[in-house]
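Number of protein chains: 2
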Amino acid sequence: MQTTRRGMRGLSLATLVLAVGATTAAAQAQEGADLDLQAKSGRPPLVLLRQGSFFIDGKTVHTDAPVATPSPLFPPGEVTVDQMYVEFMVPQSETPQVPIILLHGCCLSGKTWETTPDGRMGWDEYFVRKGHAVYVPDQVSRARSGFNATVFNEVKQGVRPPGDLPDVIMATHEAAWGIFRFGPRFNVPFEDELFPVDAVNHLYQQMIPDLNALLPANPNPTFPNLARLARRVGGAVVVGHSESGFFPAEASLINVEGFRGMILIEGVCRATLTSQEIAKLAQIPILVVFGDHLGDVDPPYNAFWPTALEGCNTFIARVNAAGGDATMFYLPQMGIRGNSHMLMQDKNSLQLANLLRRWISRHVDVRQ
Amino acid sequence: MQTTRRGMRGLSLATLVLAVGATTAAAQAQEGADLDLQAKSGRPPLVLLRQGSFFIDGKTVHTDAPVATPSPLFPPGEVTVDQMYVEFMVPQSETPQVPIILLHGCCLSGKTWETTPDGRMGWDEYFVRKGHAVYVPDQVSRARSGFNATVFNEVKQGVRPPGDLPDVIMATHEAAWGIFRFGPRFNVPFEDELFPVDAVNHLYQQMIPDLNALLPANPNPTFPNLARLARRVGGAVVVGHSESGFFPAEASLINVEGFRGMILIEGVCRATLTSQEIAKLAQIPILVVFGDHLGDVDPPYNAFWPTALEGCNTFIARVNAAGGDATMFYLPQMGIRGNSHMLMQDKNSLQLANLLRRWISRHVDVRQ
Numbered sequence: 001m002q003t004t005r006r007g008m009r010g011l012s013l014a015t016l017v018l019a020v021g022a023t024t025a026a027a028q029a030q031e032g033a034d035l036d037l038q039a040k041s042g043r044p045p046l047v048l049l050r051q052g053s054f055f056i057d058g059k060t061v062h063t064d065a066p067v068a069t070p071s072p073l074f075p076p077g078e079v080t081v082d083q084m085y086v087e088f089m090v091p092q093s094e095t096p097q098v099p100i101i102l103l104h105g106c107c108l109s110g111k112t113w114e115t116t117p118d119g120r121m122g123w124d125e126y127f128v129r130k131g132h133a134v135y136v137p138d139q140v141s142r143a144r145s146g147f148n149a150t151v152f153n154e155v156k157q158g159v160r161p162p163g164d165l166p167d168v169i170m171a172t173h174e175a176a177w178g179i180f181r182f183g184p185r186f187n188v189p190f191e192d193e194l195f196p197v198d199a200v201n202h203l204y205q206q207m208i209p210d211l212n213a214l215l216p217a218n219p220n221p222t223f224p225n226l227a228r229l230a231r232r233v234g235g236a237v238v239v240g241h242s243e244s245g246f247f248p249a250e251a252s253l254i255n256v257e258g259f260r261g262m263i264l265i266e267g268v269c270r271a272t273l274t275s276q277e278i279a280k281l282a283q284i285p286i287l288v289v290f291g292d293h294l295g296d297v298d299p300p301y302n303a304f305w306p307t308a309l310e311g312c313n314t315f316i317a318r319v320n321a322a323g324g325d326a327t328m329f330y331l332p333q334m335g336i337r338g339n340s341h342m343l344m345q346d347k348n349s350l351q352l353a354n355l356l357r358r359w360i361s362r363h364v365d366v367r368q
Numbered sequence: 001m002q003t004t005r006r007g008m009r010g011l012s013l014a015t016l017v018l019a020v021g022a023t024t025a026a027a028q029a030q031e032g033a034d035l036d037l038q039a040k041s042g043r044p045p046l047v048l049l050r051q052g053s054f055f056i057d058g059k060t061v062h063t064d065a066p067v068a069t070p071s072p073l074f075p076p077g078e079v080t081v082d083q084m085y086v087e088f089m090v091p092q093s094e095t096p097q098v099p100i101i102l103l104h105g106c107c108l109s110g111k112t113w114e115t116t117p118d119g120r121m122g123w124d125e126y127f128v129r130k131g132h133a134v135y136v137p138d139q140v141s142r143a144r145s146g147f148n149a150t151v152f153n154e155v156k157q158g159v160r161p162p163g164d165l166p167d168v169i170m171a172t173h174e175a176a177w178g179i180f181r182f183g184p185r186f187n188v189p190f191e192d193e194l195f196p197v198d199a200v201n202h203l204y205q206q207m208i209p210d211l212n213a214l215l216p217a218n219p220n221p222t223f224p225n226l227a228r229l230a231r232r233v234g235g236a237v238v239v240g241h242s243e244s245g246f247f248p249a250e251a252s253l254i255n256v257e258g259f260r261g262m263i264l265i266e267g268v269c270r271a272t273l274t275s276q277e278i279a280k281l282a283q284i285p286i287l288v289v290f291g292d293h294l295g296d297v298d299p300p301y302n303a304f305w306p307t308a309l310e311g312c313n314t315f316i317a318r319v320n321a322a323g324g325d326a327t328m329f330y331l332p333q334m335g336i337r338g339n340s341h342m343l344m345q346d347k348n349s350l351q352l353a354n355l356l357r358r359w360i361s362r363h364v365d366v367r368q
């Protein structure tokens, strides 16, 4: 149904097919709503074979400033940095599905994929209920993964200049509203907006400082950690979003072994990929997803996402020209309108998760 | 068995009683080991009524520096700060037990209570398997709870002096080894050490920068958030550890309503409590727990924990003198030797969790 190897342009036949898809989508939206209702009134219990958390890698480095004010309790010594926290749930299932790794974007944590701002089931639990083991990392330098605070303490001590501090990113409410496309301007939602804007304060609670500017750039340690995680779980479909939207591709270029598929949601597809890199990526089924209203927000946020979509269409065309299996789900062209950038939290989030499952069954499972 | 209203001193009769307790403890240690074995080879599935996460509170503040380098995408605006992330699991249970809140200590996150460094079941899952709903927060300014990064960006911009930066605490491997009492000196374990030192690198991965110095001091926003959480879950036994060892008491002084009991593990009991505050605390069953080798580590770490134990004994005496129900579990005096500061991760962690459950049944449940 949504086979769109050619990207978003010139979809004459596909448009008709997608109109049928829209009907199905509406039915699935209802299914999602029903499931949500069950959440409050008798959803069947969640049966887990195991759950817990662990860390991937990291390295030991010396720090002269574990604290800014010298203390006998905290002398210089060694700390672990660049490790990646991962929480997981493995369902009891008679028909286990391919494991799924869900990686969050800028100014967010693994919380992205848990209970939605308006209290509905997150994608983490949904995929588990459908038989997938689910792994949710916090990016290196974020949340439970921690970061190296040495530079902060050394600047406070005066042994390094303030200019050495990283440029920490905090997404304000105003920036989030624009970049995440909840409406044309702050506090004004689109008429068909599917993000639960009444609960937007619960999204703002999720937004935390992004310290990626602290990390070595090439590669960001999250890339090798992600590749290692995919191998450790025995192969997975790796999902990235927004800032991390292209991280699965970068990680697979380091080690493709654990990659059974990748889903790149509303990210920026790197334009500088070499032919050799494209050839590597052509080994793995790839799905790219974009929501609605990409260019409908007021400046300065109106240009960003249309450019990203165009770049990913080019990426898809290159991968497919190299014999790969890359697909674009540009939701409004599939008859699914009103989705924000935070589509895993939108009101039709479970319908969308189900679309991803269908892509997995047709593009990943068939390779087993 | 461990009724020790008089604290740790002069336990002549109690010593005999505790010798019996030690035998039971040994049996329970075996039980714990067996349970661990099951983890790798057929533990029954975990059946959850619900799981997920949410945030408690936080407030909206203006920031002039969401980024250090001015950007049209990130103009000054509003951010949410002081919110507290909470993950939870609610078991399907025919005999639901009192909810438990597990709050972590310095330089750690909610990860403290999850899978242990050597891969055994964490206290979070253990209590859930015993019928308790379990809530695991990240302290305000830590991990998924986030922090206000404005000062970092303003110092980088040069609009504030470096001295305004907070004193961030990183626990080095060396400091952790000493403060957590894994052995007399770095990389030398005690002969009877129960912390899984072979897996200590997985503890080091858990250790992340502590930004509490960023927070308003009076009160630390974690206190009211913790009180709110206890009310929101309909009443709970609130557990603190180390840095947060006395946080449950501070939170209950703000609003006692949600407190059905509190367990203060290896914390520092505040010496400046007024008689009015002691009277309030006397309304709630209180358990204080300390592990072994408090003074057996090399300087400068040898003085800290014996002083903390003494302070908590004084606290217990004051609460009981005011008609309260406060108990000390000083583990070596109960015949349980070799426990570190990280006793929720020690090899006998499930035995200790079971001791806490027994205290709950005798001191909390009886008040229902």
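Top line first, the protein sequences correspond to chains A and B.
In terms of the working numbering, the first sequence opens at residue 1 and continues consecutively.
In terms of the working numbering, the second sequence opens at residue 1 and continues consecutively.
For each residue, glycine too, the CB sits at the ideal point set by N, CA and C.
What do you reckon, is the C-beta of Arg185 of chain A under 8 Å from a heavy atom of the ligand MG? The model on display carries no ligand, and the ligand MG is accordingly not part of it.
Since Asp57 of chain B and Pro76 of chain B are thought to touch, with beta carbons under 8 Å apart, how far apart are those beta carbons, to the nearest angstrom? Incorrect: roughly 23 Å between the Cβ atoms, too far for contact.
What did DSSP end up calling Ser53 of chain B once you bin it into helix, strand or coil? strand
Is it buried or exposed, Gln345 of chain B, if we count other Cβ atoms within 10 angstroms and call 16 or more buried? buried
Leaving out five residues before and five after Phe329 of chain A in sequence, what residues of the same chain have Cβ atoms less than 8 Å from its Cβ? Gln2, Thr4, Leu287, Val288, Val289, Phe290, Leu355, Trp359
Ordered along the chain, which non-local residues of its own chain (more than five positions away) have a Cβ less than 6 Å from that of Glu266 of chain A? Ser242, Gly245, Phe290, His341
Would you call the CB atoms of Leu264 of chain B and Val86 of chain B closer than 9 Å? no
Minimum C-alpha distance to Val61 of chain B - residue among B:Asp82, B:Asp138, B:Gly234, B:Leu331: B:Asp82
Between A:Pro117, A:Thr272, A:Ala249, which lies nearest to Asn201 of chain A when the distance is taken from Cα to Cα? A:Pro117
State buried or exposed for Pro166 of chain B, treating a residue as buried only when at least 16 other CB atoms are found within 10 Å of its CB. buried
Less than 8 Å between the CB atoms is what I'm expecting for Val370 of chain A and Ala213 of chain A, so what's the real figure, rounded? Nothing about residue 370 of chain A can be reported from this structure: the residues present for chain A run from 1 to 368 only.
Contacting residues, own chain, Cβ-Cβ under 7 Å from Gln283 of chain B (five flanking each side not counted): Val256
Please return the same chain residues whose Cβ sits closer than 8 Å to the Cβ of Val47 of chain A, not counting the five positions on each side in sequence. Pro91, Gln92
Quick check: is the beta carbon of Tyr126 of chain B nearer than 9 Å to any beta carbon in chain A? no
Three or more beta-carbon pairs under 8 Å between the segment 218-229 of chain B and the segment 133-145 of chain B, yes or no? yes
Counting Cβ pairs closer than 8 Å, one from the segment 185-198 of chain B and one from the segment 112-129 of chain B, do we hit at least three? yes
Could you tell me how far apart the beta carbons of Phe369 of chain B and Ala175 of chain A are, in whole angstroms, since I believe they sit closer than 8 Å? The shown model of chain B, from 1 to 368, leaves out residue 369 of chain B, and the question about it has no answer.
If you draw a straight line from the alpha carbon of Arg370 of chain A to that of Cys106 of chain A, how long is it in whole angstroms? Examination of residue 370 of chain A is not possible in this model, given that chain A is present from 1 through 368 alone.
Which one of B:Tyr126, B:Phe55, B:Ser275 has the shortest CA to CA distance from Gln97 of chain B? B:Tyr126
So, for Val364 of chain A: in the same chain, excluding its five sequence neighbours on each side, which residues have a beta-carbon less than 7 Å away from its beta-carbon? Val98, Val237, Arg260, Gly261, Pro285
Could you list which residues in chain A have their beta carbon closer than 7 Å to that of Tyr135 of chain B, in chain order? Result: empty, since nearest Cβ-Cβ is about 13 Å, beyond 7 Å.
In terms of residue numbering, what span does the alpha helix (DSSP H) encompassing Lys156 of chain B cover? 150-157
Taking C-beta to C-beta, are Arg144 of chain B and Ala143 of chain A nearer than 9 Å? yes
Chain-ordered neighbours of Tyr204 of chain A on chain B, where CB pairs are closer than 7 Å: Thr80
Gln51 of chain A versus B:Ser349, B:Ser109, B:Trp113, B:Glu78, residue with shortest Cα-Cα distance: B:Trp113
Please list the partners that Thr112 of chain B has in chain A, where partner means a Cβ-to-Cβ separation under 7 Å. What Thr112 of chain B touches in chain A: nothing, since even the nearest Cβ is about 10 Å away.
Classify Lys347 of chain A: buried if its beta carbon has 16 or more other beta carbons within 10 angstroms, exposed otherwise. buried
Based on the DSSP output, what are the partners of Ile263 of chain B in its beta bridges? B:Val239, B:Leu287
Can the beta-carbon of Ala303 of chain A be found closer than 9 Å to that of Gly311 of chain A? no
Output, in chain order, the set of chain A residues within a Cβ distance shorter than 8 Å of Asp167 of chain B. Val67, Ala68, Thr69, Asn153, Lys156
Per DSSP, the bridge partner or partners of Glu250 of chain A: According to DSSP, Glu250 of chain A bridges with nothing at all.
Is the Cβ of Gln51 of chain A closer than 9 Å to any Cβ of chain B? yes
DSSP three-state call for Tyr135 of chain A: helix, strand or coil? strand
Is it true that the CB of Val79 of chain B sits closer than 9 Å to the CB of Asn148 of chain B? yes
Just to confirm the assignment, what range does the alpha helix (DSSP H) spanning Val319 of chain A have? 304-321
Proximal residues to Leu215 of chain A (C-beta, below 7 Å), its chain only, five neighbours per side dropped: Val140, Ser141, Pro221
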